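Colleague: Quick one: the structure is below, questions incoming.
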Amino acid sequence: MQGSERAVSIDQNATYDVTIIGGGPCGLFAAFYAGMRGLRSIIVDSLEELGGTLTAIYPEKFIYDIAGFPKVLAKDYVEQAAEQALSMGAEVSLKTEVLNLEHNEAENVFDLTTSQGTLRTRTVIICAGIGAFEPKKLDVEGIEHFEDGKGVHYFAKRIEEFRDKDVMIVGGGDSAVDWAMTLGPLAKTVTLIHRSKFRAHEHT
-19 MQGSERAVSI
-9 DQNATYDVTI
1 IGGGPCGLFA
11 AFYAGMRGLR
21 SIIVDSLEEL
31 GGTLTAIYPE
41 KFIYDIAGFP
51 KVLAKDYVEQ
61 AAEQALSMGA
71 EVSLKTEVLN
81 LEHNEAENVF
91 DLTTSQGTLR
101 TRTVIICAGI
111 GAFEPKKLDV
121 EGIEHFEDGK
131 GVHYFAKRIE
141 EFRDKDVMIV
151 GGGDSAVDWA
161 MTLGPLAKTV
171 TLIHRSKFRA
181 HEHT
């Protein structure tokens, strides 16, 4: 993904015009627009790559609800959005957690304390989405023996891993049905298990 190779250290001697917390689609567009206005901006994200949910959870899944794209692979969209943002000079600080935010009234700036140091900024745009990503794990004794690529997956980041496999998906919401449709042509079989009625959108 774009952004990893462009990550920089926070310039603690500078005062940024705009600091964007979150490097997902909204954060990337905010950085692009700030650059168009001639503002110095920095994206701060706790993840290792830009893209937010699209990169962390389903980079190889098609998405259908982005304006201008009837159908686009998540990782391809992130690649284009990152290229657009970085072309305007946006700086990026990845693997960086925001720990505290204070308004310095005397100088009318914000002081952001992060895991990589403190930065000063005139404006803060919070594009944190759903925040840091922690999967909702199955509450089954001994499940840890099958995690970490040993059969139980909470994210499907590389769909080729499921080619010609018997796949069982637990859930009845949008994500479960989307994954069943995505993996259907690839896997040997796909079985969807859910405890009640489907909750997925009717157009899924």
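Note that the sequence shown ends on residue 184 in our numbering; no numbers are left out.
Built from N, CA and C at the ideal position, the CB exists for glycine as well.
As the structure is a prediction and not an experimental result, all values here were calculated from the model.
#1: Assuming G15 and A70 form a contact by the criterion Cβ under 8 Å, report the distance between their Cβ atoms to the nearest whole angstrom.
#2: Use the C-beta contact count for L118: other C-beta atoms within 10 angstroms, 16 or more gives buried, fewer gives exposed.
#3: Would you decide whether L30 is buried or exposed? Buried here means 16 or more other CB atoms lie within 10 Å of its CB.
#4: Can you give the Cα-Cα distance for R179 and V24, rounded to whole angstroms?
#5: For L166 versus R143, is the C-beta spacing smaller than 8 Å?
#6: List the endpoints of the continuous beta strand (DSSP E) containing M148.
#7: Express the C-alpha separation of S26 and E134 in angstroms, rounding to a whole number.
#8: Between which two residues does the beta strand (DSSP E) holding G97 run?
#9: Report the rounded CA-to-CA distance for F9 versus V78, giving the unit in angstroms.
#10: Is the beta carbon of L53 less than 8 Å from the beta carbon of E63?
#11: I need the DSSP call for E40, collapsed to helix, strand or coil.
#12: Thinking C-alpha only, which one of K116, A86, F49, N80 is nearest V104?
#13: For Y44 and K51, which I take to be in contact (beta-carbon distance under 8 Å), what is that distance rounded to the nearest angstrom?
#14: Would you mind giving the Cβ-Cβ distance between A108 and G2, rounded to the nearest angstrom? I have them listed as a contact below 8 Å.
#15: S67 to G7, Cα distance in whole Å?
#16: Can you tell me the Cβ-Cβ gap for T162 and I139, rounded? I've got them flagged as a contact below 8 Å.
#17: What's the call for I149, buried or exposed, on a 16-neighbour Cβ count within 10 Å?
#18: Which residues bound the alpha helix (DSSP H) around S155?
#19: Hey, quick one: how far does the alpha helix (DSSP H) through D56 stretch, first residue to last?
#20: Looking at A11 and A65, is the spacing between their C-beta atoms short of 8 Å?
#21: Just how far apart, CA to CA, sit S95 and D146?
#22: Start and end of the alpha helix (DSSP H) containing F90?
Modeller: Short version:
#1: 6 Å
#2: exposed
#3: buried
#4: 34 Å
#5: yes
#6: 146 to 150
#7: One detail in the question is off: residue 134 reads as Tyr in this sequence, not Glu. When rounded, the distance between both Cα atoms is 19 Å.
#8: 97 to 106
#9: 20 Å
#10: no
#11: coil
#12: N80
#13: 6 Å
#14: 4 Å
#15: 14 Å
#16: 7 Å
#17: buried
#18: 154 to 163
#19: 54 to 66
#20: yes
#21: 42 Å
#22: Taken as a continuous stretch (DSSP letters only), F90 belongs to no alpha helix (DSSP H), being part of the beta strand (DSSP E) at 89 to 94.
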